[in-house]
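Below you'll find the structure, written out as structure tokens, and then a few comments.
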Ligand code: ADP
Ligand code: MG
């Protein structure tokens, strides 16, 4: 064995990045969650070649103030918590301050961002964790981030990416779930120059279901609403025929976060079957 030594910062960053960034889907997830946390009401996601060569996320959220743009890309840089006690009342989707640093560590990233109060926006270019360029730019309020050539500097990871069609399938599935979890946000998803999804963001879950699953699904579902103390359950529910052979219809969100839970899914199905058996 070789002697023990401390890894250099670039290597540490690349390893850490590998834990956050698995592929295009996780990049899109982190960036869209940032957009939602920034209060965006409209988010456009564009990918090419499954997101391997090109991902662009555009939002109309609060933007990042000029003097904080560089900091946002540092590891453990977050505006969402400052001490351990904050963990108890965090309502944002992200808070570890790792996404931007990780993504910029393993891809070629460009960001344009502007807050409402600023006269000019900021443009920053970062590749492999190094700032290549930062300057003023004219842009509208919000943030646009472009991520090119994922894992260009980590060939071992690039090899493990799936074919573009498979990766774009993962991204599309994710956008559908994000759209269903956030009916208050208008999502547009463009894959290889074709718009695949465009939700209104009018806050109606039924409208999101319409755009994601189609008219038939939306029309055959009924609203569900239940509240007890601090807990509230809302959603749409349909007959099991709807999801027969297509589990994609079964979606569960807690505070806007998509979760997979076999127990709850099985309980819903059981309850329905029991109801059929006892004829009610
Ligand atoms: P985290 O989301 O865990 O705080 P990130 O690395 O994802 O960490 O982002 C770092 C910080 O950059 C965020 O806390 C936020 O202040 C800012 N930020 C990132 N993306 C956006 C965005 N789209 N709009 C506004 N601010 C953003
Ligand atoms: Mg984040």
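Residue numbers (my numbering): 87 to 366. Glycine residues also receive a C-beta, built at the ideal position from the N, C-alpha and C atoms. For clarity, every value in this text was computed on a predicted model and none was experimentally measured.
Item	Value
Meets three-Cβ-pair contact criterion under 8 Å: the region 231-246 and the region 255-265	no
C-beta atoms of residue 303 and residue 292 nearer than 7 Å	no
Residue 110 in three-state terms, based on DSSP	helix
Buried versus exposed call for residue 115 [16 or more other C-beta atoms within 10 Å across all chains shown]	buried
Any non-hydrogen atom of ligand 2 closer than 6 Å to residue 187 Cβ	no
Whole runs of the beta strand (DSSP E) within the region 178-222, excluding any shorter than 3 residues	194-200 and 207-213
Status (buried if at least 16 other CB within 10 Å, exposed otherwise) for residue 352	exposed
Whole-angstrom distance between residue 294 and residue 277, CA atom to CA atom	19 Å
C-alpha distance - residue 201 paired with residue 144, whole-angstrom precision	14 Å
Nearest residue (CA-CA) to residue 324, options 192, 306, 311 and 167	306
Exposure of residue 175, with buried meaning 16 or more beta-carbon neighbours within 10 Å	exposed
CB of residue 188 within 7 Å of CB of residue 103, strictly	yes
Meets three-Cβ-pair contact criterion under 8 Å: the region 195-215 and the region 140-159	yes
Distance between residue 336 and residue 299 (C-alpha atoms, nearest Å)	11 Å
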